[in-house]
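FYI, in numbering that gives the first Met the number 0 the residues of the sequence shown are 0 to 510.
We put the beta carbon where it would ideally sit given N, CA and C, even for glycine.
Just so you know, these numbers come straight off a predicted model, no measurement behind them.
Scroll down for the structure; my scribbles are underneath it.
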Amino acid sequence: MSLDFDGEDFRAYLAYAADIAVRFHQNLRDRPTFHGETPTEIARRFTEDMPSRSTDLRVLLERVERDVFTAATLNVSPRFFGYVMSGGNPVGIVAELLAASLNQNCGKWHVSASATEIERQVVRWIAEFIGFPAGAGGILVSGGSVANLTCLATARKATAPFDVARKGAAGGPPMTVYASVEAHSCIDKSIDLLGIGRDHLRKIPARDDFTMDVGALEWQIAEDRAAGLAPSCVVATAGTVNTGAVDPLDRLADVCAVNGLWLHVDAAYGGPAAGVPGARTLFRGLERAHSVAIDAHKWLYAPFEAGCALVRQPSHLRSTFSVLPEYLRFDSERIDRFDFMEYGFQLSRGFRALKLWLAFQAYGADRLRQAIESNISVMQKLADAIERSEDFELLAPSPLSIVCFRYRTPDPEIHGDEEYLESLNHRLVEAIEADGRVFLTGTSVRGRLALRACTVNHRTEPQDADFLLEVLRDLGAQVHATREGGARRRPGLPRHRLAGKPIDWPGDHPR
Ligand SMILES: Cc1ncc(COP(=O)(O)O)c(C=O)c1O
C-alpha cells in the first residue's frame with residue numbers, strides 16, 4: 000500500500016501542476032483582482048466529508064484549478080495595490096517544488112547539510128543587501144511577525160537585569176519596550192507573548208511625518224527609569240505599514256547607546272530599500288541596530304512565506320533559543336556543525352532558503368535593487384499625480400512605495416465637508432473590491448479614512464498606477480453620484496467583467 004506514484008505518473012502530475020502555474024500567470028493585467036464571490040459561495044465549494052477512499056490526483060488537480068485558482072485573490076497582479084504583498088517571483092515557484100522534493104529538515108546540520116549552509120549564506124546576503132554588518136547572525140522564519148518576535152525575544156533575554164528565561168517576567172523589575180504609535184501590531188502581539196505585558200509597551204507619539212518623536216522617547220525612558228522600571232529595547236520602524244515612514248534610526252541608535260538599550264528595527268516592509276541608492280539615506284543608522292526584522296516575501300519578491308531575523312551578535316540568538324534535550328544533543332558539541340534549531344524557536348524547519356538563494360542568483364542583487372527602485376518611482380509619480388489633481392488629496396508623505404490619499408470629487412464645495420468625504424471614501428473602498436479592476440485597501444490616517452495604495456510587486460509599471468487613478472476616478476464619480484441615496488447606501492455597482500463579458504482566461508473551466 001504505497002503512497003508513492005510510479006515514475007511516469009509522478010512526472011505527468013508534476014507537468015500538469017506546472018501547466019496550472021503557467022496558466023495562472025498569464026494575462027494578469029486583464030483579470031479581475033478579486034473573485035467577487037461571497038464567503039458562503041466560496042465555503043460551499045469545500046463542504047465534503049473527509050474522504051475515506053482515494054481520488055485520482057489528476058481529477059483533484061483539475062479541481063484545484065477550478066475551485067482554488069479561479070477564486071484566488073490576484074495578488075500576483077500588477078494591479079494589486081493592497082496591504083504589502085509582493086507578486087511572488089517565479090524562481091520561487093520552481094524552488095518551492097524542489098525544496099518540497101528534498102524534504103530537508105533544517106533544524107540540525109547533519110540532516111540538512113547543504114540546506115543549512117545555503118541558509119547561512121542567504122542570511123549573509125540579506126544582511127549585505129541592506130547594509131547590516133558582516134558577522135551578524137540570523138535565521139529564516141515565516142515572515143515579518145515572527146522575525147520581530149524572534150528579535151524581541153532575543154532583546155528581552157540579552158537586556159533583562161535578571162535571568163528572565165528561568166524566572167520569567169516576575170523575576171525582576173518590569174521591563175519596558177518603546178515603539179511609536181505607528182509600529183506594526185505584531186509588536187504588540189510579541190510583547191504580549193513574551194510576558195512583558197502590553198502596558199509596558201510604551202507607544203511614543205509620532206511627528207507630522209509619522210516618524211517617532213525622539214524627544215518624547217527620551218522623556219518616557221527617563222520617567223520609567225525614575226519609576227524603578229527596567230527600560231530594555233527601542234523598536235524603530237523602517238517603513239511603517241500605514242504610510243512607509245522611516246524612524247530616525249541614527250538618532251534612535253544614539254538614544255539607545257546613551258541609555259544602554261537594545262535597538263531593534265522592524266524593517267519588515269522597508270528594509271530592502273536600504274540597499275537602493277535613492278532611498279539609502281533614509282535608513283542611515285540601520286547598521287547600528289542590535290537586530291533587524293526583514294520580510295523576504297515583501298520587498299525581496301519571494302512567494303510566501305519567508306522572513307528573516309538578523310541579530311548583530313549571533314551568540315545572542317543562541318543564548319535565547321538553545322535548549323538541548325538528550326535526543327538532540329547527539330553531535331551538537333561539534334562546533335563545525337551549525338544547527339539552526341539552537342538559533343530560533345522551531346526545531347523542524349523547512350528549506351525556505353532555497354527560493355531566496357536561487358532568486359538572488361537568477362536575478363542578481365542589482366536587478367532586485369532596480370525592481371525596488373522602480374516600485375518607489377512608480378508610487379512617487381502616483382503621489383505627484385494625486386497632489387496635482389483637483390479630485391484627489393494626499394493624506395500623508397510617501398517616502399517609499401505607499402501612498403495614502405482620498406477622493407474628494409472635482410467640486411471644491413465638497414472639499415471641506417469632512418463627514419461626507421469620510422462616507423464617500425468608505426463607500427469607494429467597498430466599490431473598489433466589488434469592481435475588481437484594481438485591488439486597494441483603506442486605512443485611517445490621523446482619524447481620516449484613507450485609500451492606501453502600496454506596491455512591492457516587481458510586475459507593477461507606471462501604466463498600472465495610471466490605471467489605478469483612472470479606475471478610482473471612474474468609481475469615485477459613480478459613488479458620488481449615488482449621494483442622494485444617502486451616505487450609508489452601498490453603491491451597488493455592477494461587478495466589472497471586462498466590459499460586461501464573463502471573464503475568459505486560460506484555465507477557466509465551466510462549473
Ligand atoms: C512594518 C511591518 N512589520 C511587520 C509586518 C508583519 O509581517 P508578516 O505579515 O509577514 O507577518 C508587516 C506586514 O505588513 C509590516 O509592514
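So, residue i versus residue j, is the Cβ gap smaller than 7 Å?
i    : j    : result
V234 : A178 : yes
V264 : A244 : no
L439 : I431 : yes
V93  : W356 : no
H457 : Y268 : no
G349 : Y406 : no
S231 : T115 : no
G87  : P302 : yes
T32  : S76  : yes
T459 : V377 : yes
E389 : P409 : yes
P276 : W298 : no
E118 : A352 : yes
A126 : L316 : no
Y15  : L59  : no
A182 : R311 : no
G343 : I138 : yes
G143 : D294 : yes
Quick one: what's residue i bridged to in DSSP?
i    : result
R405 : E392
W520 : Examination of residue 520 is not possible in this model, given that the chain is present from 0 through 510 alone.
C453 : I401
M211 : A205
G137 : L309
T440 : R451
F79  : F438
L200 : V176
A266 : I293
Starting from the C-beta of residue i, find all residues in its chain whose C-beta is less than 7 Å away, skip the five residues before and the five after it, and write them out in chain order.
i    : result
A152 : L193, T319
D330 : H109, R336
G484 : Residue confidence for G484 is low, a pLDDT of 44 falling below 50, so the modelled location carries little weight and cannot support an answer.
V145 : G306
T39  : none
Q219 : Y177, R201, I203
S400 : G243, N374, I375, M378, C453, T454, V455
D212 : I203, P204, A205, R206
Excluding the 5 residues preceding and the 5 following residue i in the sequence, name in chain order all residues of the same chain whose CB lies nearer than 8 Å to its CB.
i    : result
G130 : A273, G274, R279, F282, L285, E286
I190 : L151, V176, G196, R197, H199, L200
E7   : none
L228 : P172, P173, M174, T175, H199
M49  : none
Where do the N-terminal and C-terminal ends of the beta strand (DSSP E) with residue i fall, by residue?
i    : result
M378 : Not the beta strand (DSSP E): M378 falls in the alpha helix (DSSP H), residues 364 to 387.
S519 : The displayed coordinates of the chain run from 0 to 510. Any statement about residue 519 would go beyond what the structure contains.
Y177 : 174 to 179
V58  : Counting along the chain, V58 falls outside any beta strand (DSSP E), though it belongs to the alpha helix (DSSP H) covering 56 to 62.
V240 : It is not in any beta strand (DSSP E) - V240 carries neither H nor E in the DSSP assignment.
Please confirm whether residue i has its beta-carbon closer than 7 Å to some beta-carbon of chain B.
i   : result
V67 : Protein chains in the displayed structure number just one, and chain B is not present.
Whose C-beta lies closer than 6 Å to the C-beta of residue i among residues of the same chain, with five residues either side of it excluded?
i    : result
L367 : none
R489 : For R489, the pLDDT reaches just 39, beneath the cut-off of 50, and the residue's location in the model is therefore unreliable, although a value from the coordinates is still provided. So no residue of the chain qualifies.
C403 : T242, L394, A395, V444, A449, R451
L346 : G106, M340
H508 : At H508, the pLDDT of 32 sits below 50, so the modelled position is not reliable; the number obtained from the coordinates is stated separately. If we look at H508 and ignore the five residues flanking it on each side, its Cβ neighbours are R65.
A215 : I203, P204
Nearer than 6 Å: is that true of the beta carbon of residue i relative to any heavy atom of ligand 1?
i    : result
A295 : no
Y268 : yes
G143 : yes
H263 : no
V233 : no
H183 : yes
V240 : yes
V83  : yes
Tell me where the alpha helix (DSSP H) around residue i begins and ends.
i    : result
S1   : That residue, S1, is in no alpha helix (DSSP H); it is neither H nor E in DSSP.
E326 : Before going further, note that residue 326 is Tyr rather than Glu in the sequence given. Where Y326 is concerned, the enclosing alpha helix (DSSP H) stretches over 325 to 328.
I129 : 112 to 129
K156 : 143 to 158
P89  : 89 to 101
P529 : An answer regarding residue 529 cannot be provided, because it is not within the stretch 0 to 510 covered by the chain.
R165 : 163 to 166
A278 : Note, A278: premise wrong, no alpha helix (DSSP H); not H, not E.
R472 : 461 to 480
K188 : 184 to 192
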